[in-house]
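To keep things clear, I will list the structure first and then write my remarks on it.
In my numbering, the protein residues as written are 5 to 122.
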């Protein structure tokens with residue numbers, strides 16, 4: 005059974021940091037592209053960051069470039085999102101996803117809420 009479980013969300017003040025984790029099971033994690041997206045209240049889902057199976061290639065949305073860092077540990081079947089200099093507009097539910105290729109997502113987690121207070 006495939007599972008993606010996000011953790012690490014919470015309440016943080018503007019300028020603070022959080023580290024999200026996405027624990028994967030039920031598929032060959034090291035062969036999948038992994039990504040983070042987010043959905044703010046009343047808004048559509050937004051791409052945040054993506055990482056290749058080996059971890060050697062990463063992509064970021066312009067809105068988070070320079071503040072967020074995506075990484076993965078294939079030995080632990082876990083992906084991370086280090087979020088620094090958080091702003092109120094970063095408030096959202098953050099979801100992790102896994103895709104067999106660079107242009108699709110096969111599996112989604114249930115999300116973790118990040119709230120940034122001003």
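The beta carbon of each residue, even a glycine, is placed where N, CA and C say it ideally should be.
Going by DSSP, what residue range makes up the beta strand (DSSP E) through residue 76?
Counting from one through the chain shown, the residue named residue 76 turns up at place 72. Element bounds for residue 76: 72-77.
Integer-rounded CB distance, given that residue 53 should sit under 8 Å from residue 64:
Working through the chain shown from its first residue, we reach residue 64 at position 60. Working through the chain shown from its first residue, we reach residue 53 at position 49. Between residue 53 and residue 64 the Cβ distance is about 5 Å, and since that is below 8 Å, they are a contact.
Is residue 51 helix, strand or coil by DSSP?
Here the question's residue 51 lines up with position 47 in the chain shown. Three-state result, residue 51: strand.
So, does the region 8-21 touch the region 43-51, judging by three or more C-beta pairs under 8 Å?
no
Buried versus exposed, by CB contacts within 10 Å (16 or more), residue 85:
Residue 85 sits at position 81 when you count from the first residue of the chain shown. Result: buried.
Could you tell me the alpha carbon to alpha carbon distance between residue 116 and residue 98, rounded to whole angstroms?
Position 112 of the chain shown, counting from 1, holds the residue named residue 116. Position 94 of the chain shown, counting from 1, holds the residue named residue 98. Taking the straight line joining both Cα atoms gives about 5 Å.
With a threshold of 8 Å, are at least 3 pairs of Cβ atoms found where one atom belongs to the region 27-37 and the other to the region 88-97?
no
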